[in-house]
Amino acid sequence: MRASRPRFTSVSLLLGTVAFSLALAPMIALRYGYDVLSRSVSGAGFLILLALAGCLWACGRRAVPTRVRRSAAAGLLLGVLWVIEIGINNVLAPPLPGRDILDDVFWAVIALGILLVAGVAAYGAGRLRAGVEAGAWAAWPAGPSPASQRCR
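For the sequence shown, our numbering gives the first residue as 404, with consecutive numbering after it.
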């Protein structure tokens, strides 16, 4: 008798979120697109999401399932930190010098978390590729890179 798989895994949650975003992107473009540039940017975002979904699907099929599940779960937890950081900035709205320091602390914790996930996977498997793979699966759901936060 086969062991039953859990209904919702971290990977299925991640792929479901990307699929939901793919469904929302055209609706948002139609509702909020007011000129050619905004619709072009929305189309580019849709294509990026589509590429991400394909990459997640392809990489997930070739990767070690346990490593993918653990790394994606860690990334989702790190993504919660990103949501908390956004909430603090939008609800509490700390003054600018403190806000920048707070952002940097959150992003340092997130980056160290991703590095820790990658390091543990590489050490456990004895292969650098395992660490890179685990780091990527942890980074995707954790949110945009800290470097992209400087553009706001």
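Think of the CB as a built atom: it goes at the ideal place given N, C-alpha and C, for glycine as much as any other residue.
Residue burial classification, residue i (beta-carbon count within 10 angstroms, cutoff 16)
i: Gly478; result: buried
i: Arg434; result: exposed
i: Ala426; result: exposed
i: Phe423; result: exposed
i: Ile376; result: Nothing about residue 376 can be reported from this structure: the residues present for the chain run from 404 to 555 only.
i: Ser551; result: Legend: pLDDT at Ser551 = 44, less than 50; position of this residue unreliable, no value from coordinates given.
i: Trp460; result: exposed
i: Ser441; result: exposed
Endpoints, the alpha helix (DSSP H) within which residue i is located
i: Asp507; result: 499–528
i: Ile489; result: 468–490
i: Leu433; result: 413–435
i: Leu531; result: 531–545
Own chain, CB closer than 7 Å to residue i, minus 5 neighbours either side, in chain order
i: Gly448; result: Ala428
i: Val512; result: Leu484
i: Gly527; result: none
CA nearest to the CA of residue i, picked from the options
i: Ala456; options: Asp438, Ile487, Ala511, Thr420; result: Thr420
i: Ala514; options: Arg472, Ala542, Thr412; result: Ala542
i: Ala454; options: Ile431, Val486, Leu418, Met430; result: Leu418
i: Gly534; options: Met430, Arg470, Asp438; result: Arg470
i: Ser415; options: Val486, Pro468, Arg532; result: Pro468
i: Arg472; options: Arg532, Pro544, Ser413, Asn493; result: Ser413
Spatial neighbours of residue i in its chain, beta-carbon cut-off 8 Å, leaving aside the 5 residues before and after
i: Gly538; result: Ser474, Ile517, Leu518, Val520, Ala521, Ala524
i: Leu452; result: Val421, Ser424, Leu425, Ala428
Segment contact, 8 Å Cβ cut-off, at least three pairs: the stretch 491–499 with the stretch 464–480: No contact exists between the stretch 491–499 and the stretch 464–480.
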